[in-house]
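For what it's worth, the working numbering labels the leading residue of the sequence shown as 353, then goes sequentially.
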Amino acid sequence: MSHYQAGTRFEHKIRDDLRDNGYEVMRAAGSKGASKVDLVALKPGQLLFIQAKRSGTLPPAEWDRVFEVAGWVGAVPLLAANGPRGRGVVYTRLLGRKVPRARTQPCEPFLLDQIAQAAS
């Protein structure tokens with residue numbers, strides 16, 4: 353299986369997880385463009401911009417671009433990675449630009465519907 357096929361399969365895994373949680377999901381096939389957003393997920397009062405990386409490692413330029421583009425429209429910038437032992441999906445909210453060579457980055461774990469729970 354090629355890297356492209358593996359990446360597509362992982363994006364479908366994320367899409368299915370989001371749909372199972374009540375989101376409408378749009379996939380940006382071949383998201384090598386300027387936005388660096390792989391998936392857009394919508395729910396009333398929620399807009400998520402998601403970059404998928406099976407390893408959970410996002411290069412600084414991609415991290416910064418997802419964070420920037422999400423800010424244009426008030427979306428939540430997320431990194432989606434494989435869960436422990438490849439099971440499930442783990443979401444991380446990007447809180448700021450990536451800090452080169454820093455041990456910790458401006459991010460936090462994100463649970464689906466975290467926005468809805470905070471609003472109630």
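Here a beta-carbon is modelled for each residue, glycine too, at the ideal position from N, C-alpha and C.
What is the DSSP secondary structure of residue i, counted as helix, strand or coil?
i, result
"V418", "helix"
"G359", "helix"
"D465", "coil"
Residue i and residue j: beta carbons closer than 8 Å?
i, j, result
"L431", "G397", "no"
"P429", "V418", "yes"
"L399", "A427", "yes"
Going by CA-CA distance only, name the one from the options that's closest to residue i.
i, options, result
"Q357", "K388, V392, R406, M378", "R406"
"D390", "P412, D372, A422, N373", "A422"
"M378", "P452, I402, V428, E420", "I402"
"P412", "V442, L394, S354, C459", "C459"
"L463", "T456, R453, A433, P452", "A433"
"W415", "L394, K450, L400", "K450"
"L370", "E420, A404, K388, M353", "A404"
"Y443", "E363, H355, S354", "E363"
Residue i bridges to which residues according to DSSP?
i, result
"R379", "L391"
Return the chain-ordered ranges of every beta strand (DSSP E) run that is complete within the stretch 390 to 463 and spans a minimum of 3 residues.
391 to 395, 398 to 404, 428 to 434, 441 to 446, 459 to 462
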